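Below you'll find the structure, written out as structure tokens, and then a few comments.
Numbering (our numbering), first residue to last: 104 to 329.
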């Protein structure tokens with residue numbers, strides 16, 4: 104009888120050790136795992152991070168379909184380029200409303216006959232030139248859209264929203280251009296929509312993680328379109 108009691112106590116001690124080991128493993132895993140920030144999350148320095156938006160918003164469908172149609176008209180040598188489409192809804196300082204669209208394809212050439220925005224070559228870029236992973240980000244489709252917008256609305260007090268659909272997962276260059284754009288336009292908000300989970304130039308899983316902590320990030324929403 105005493106041996107049975109001893110056996111039960113021994114089993115209880117073993118179970119306790121297994122539970123403790125499992126708890127320690129979970130703590131270690133949680134410390135090592137890098138999760139994308141949740142809605143309203145803040146970076147280590149307290150700056151807001153971009154927020155995740157709804158993935159099934161029907162207003163994104165038109166942007167996605169427009170990109171598909173534009174891609175059909177690309178020459179074969181541009182099939183690897185990134186196509187981006189955008190819609191904006193803004194007001195100028197007088198209160199006048201403006202709505203429109205800007206579409207672009209990455210690369211040095213513009214393909215204006217296909218309806219894409221042209222690359223700015225007058226030396227008066229509204230946003231600073233950036234280098235990421237050894238590439239000039241001035242040729243990014245997102246940067247071209249921001250530059251075209253700045254030509255149409257040079258007044259920094261222009262306010263409203265621009266929604267950009269980009270085929271590829273937002274990379275570091277896209278993140279930098281978006282932050283530069285929002286510093287220039289303090290009354291603007293940006294929605295970034297993408298379909299491919301990963302793309303060339305991405306740094307870590309999670310689109311939000313390509314944005315360095317910045318106070319402008321609370322005016323950015325990142326959506327993955329399904």
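Cβ coordinates follow ideal geometry from the N, Cα and C atoms, glycine included.
This structure is a prediction, so every number in the text was calculated from the model and none was measured.
Problem set entry | DSSP beta-bridge partners of residue 205 | In the chain shown, the residue the question calls residue 205 occupies position 102. According to DSSP, which records beta bridges pairwise, residue 205 is partnered with 189.
For this session: Tell me whether residue 331 is buried or exposed, calling it buried when 16 or more other Cβ atoms sit within 10 Å of its Cβ.
Result: Not covered by the structure: residue 331. The range shown for the chain is 104 to 329.
For this session: Give the single residue among 189, 269, 286 whose Cα lies nearest to the Cα of residue 327.
Result: Counting from one through the chain shown, the residue named residue 327 turns up at place 224. The candidate whose alpha carbon is nearest that of residue 327 is 269.
Problem set entry | Where the alpha helix (DSSP H) containing residue 279 begins and where it ends | If you number the chain shown from 1, residue 279 lands on position 176. Per DSSP, the continuous alpha helix (DSSP H) segment holding residue 279 begins and ends at 275-287.
For this session: Give the secondary structure of residue 338 by DSSP, where H, G and I count as helix, E and B as strand, and everything else as coil.
Result: Outside the shown range of the chain (104 to 329) lies residue 338, about which nothing can therefore be said.
Exercise. Can you give the Cα-Cα distance for residue 202 and residue 166, rounded to whole angstroms?
Worked result: Residue numbering aside, residue 202 sits at position 99 when the chain shown is read from its first letter. Residue numbering aside, residue 166 sits at position 63 when the chain shown is read from its first letter. One alpha carbon belongs to residue 202, the other to residue 166, and they sit about 14 Å apart.
Problem set entry | residue 169: first and last residue of the uninterrupted alpha helix (DSSP H) it sits in | By one-based count along the chain shown, residue 169 stands at place 66. It spans 162-175 - the alpha helix (DSSP H) in which residue 169 sits, taken as one unbroken run.
Exercise. Is the beta carbon of residue 323 less than 9 Å from the beta carbon of residue 266?
Worked result: Numbered from its first residue, the chain shown carries residue 323 at position 220. Numbered from its first residue, the chain shown carries residue 266 at position 163. Against a cut-off of 9 Å, the Cβ pair of residue 266 and residue 323 comes out as no contact.
Problem set entry | Same chain, Cβ closer than 7 Å to residue 190, neighbours up to 5 away in sequence not counted | Locating residue 190 in the chain shown gives position 87, where the first residue counts as 1. Correct list, in chain order: 166, 204, 266.
Problem set entry | Beta-carbon proximity of residue 196 to residue 260, cut-off 9 Å | As a position in the chain shown, residue 196 is number 93, starting the count at 1. As a position in the chain shown, residue 260 is number 157, starting the count at 1. It is a contact, given that the beta carbons lie within the stated cut-off.
Exercise. Which residues does DSSP pair with residue 319 in a beta bridge?
Worked result: To locate residue 319, count along the chain shown from 1; it is residue 216. For residue 319, which the question treats as bridged, DSSP gives no partner whatsoever.
For this session: For residue 182, count neighbouring C-beta atoms within 10 Å of its own C-beta (all shown protein chains included) and say buried if the count is 16 or more, exposed if not.
Result: Position 79 of the chain shown, counting from 1, holds the residue named residue 182. Residue 182 should be labelled exposed.
For this session: Specify the secondary structure class of residue 200 as computed by DSSP and reduced to three states.
Result: Taking the first residue of the chain shown as 1, we reach residue 200 at position 97. Strand at residue 200.
Exercise. Out of curiosity, what's the CA-to-CA distance linking residue 263 and residue 198?
Worked result: Walking along the chain shown from the start, residue 263 turns up at place 160. Walking along the chain shown from the start, residue 198 turns up at place 95. Distance between the alpha carbons of residue 263 and residue 198 is about 11 Å.
Problem set entry | Which listed residue (249, 192, 185, 298) has its alpha carbon closest to that of residue 208 | Here residue 208 is taken as the residue at index 105 of the chain shown, counted from 1. Nearest option by C-alpha distance: 185.
Exercise. Helix or strand or just coil, what does DSSP make of residue 328?
Worked result: Within the chain shown, the letter at position 225 stands for residue 328. When DSSP states are grouped into helix, strand and coil, residue 328 belongs to the coil group.
Exercise. By Cβ distance, which residues of its chain are closer than 6 Å to residue 296, with the 5 residues on each side in sequence left out?
Worked result: Here residue 296 is taken as the residue at index 193 of the chain shown, counted from 1. Excluding sequence neighbours, residue 296 sits near 163, 268, 326, 328.
Exercise. What's the C-alpha gap between residue 249 and residue 284?
Worked result: The count along the chain shown starts at 1 and reaches residue 249 at position 146. The count along the chain shown starts at 1 and reaches residue 284 at position 181. C-alpha separation (whole angstroms): 7 Å.
Exercise. According to the neighbour-count rule (16 or more other Cβ atoms, all chains shown, within 10 Å of its Cβ), is residue 289 buried or exposed?
Worked result: Position 186 of the chain shown, counting from 1, holds the residue named residue 289. Exposed, because fewer than 16 other Cβ atoms sit within 10 Å of the Cβ of residue 289.
Exercise. Are the Cβ atoms of residue 206 and residue 200 separated by less than 9 Å?
Worked result: Translated into the one-based positions of the chain shown, residue 206 becomes position 103. Translated into the one-based positions of the chain shown, residue 200 becomes position 97. No Cβ-Cβ contact shorter than 9 Å links residue 206 with residue 200.
Problem set entry | Per DSSP, the bridge partner or partners of residue 292 | For this step, residue 292 is matched to residue 189 along the chain shown. Answer by DSSP bridge pairing, in chain order: 264.
For this session: Give me the Cβ distance between residue 320 and residue 314, rounded to the nearest whole Å; I'm assuming they're in contact under 8 Å.
Result: In the chain shown, residue 320 corresponds to position 217, counting from 1. In the chain shown, residue 314 corresponds to position 211, counting from 1. In this structure residue 320 is in contact with residue 314, their Cβ atoms being roughly 6 Å apart against a cut-off of 8 Å.
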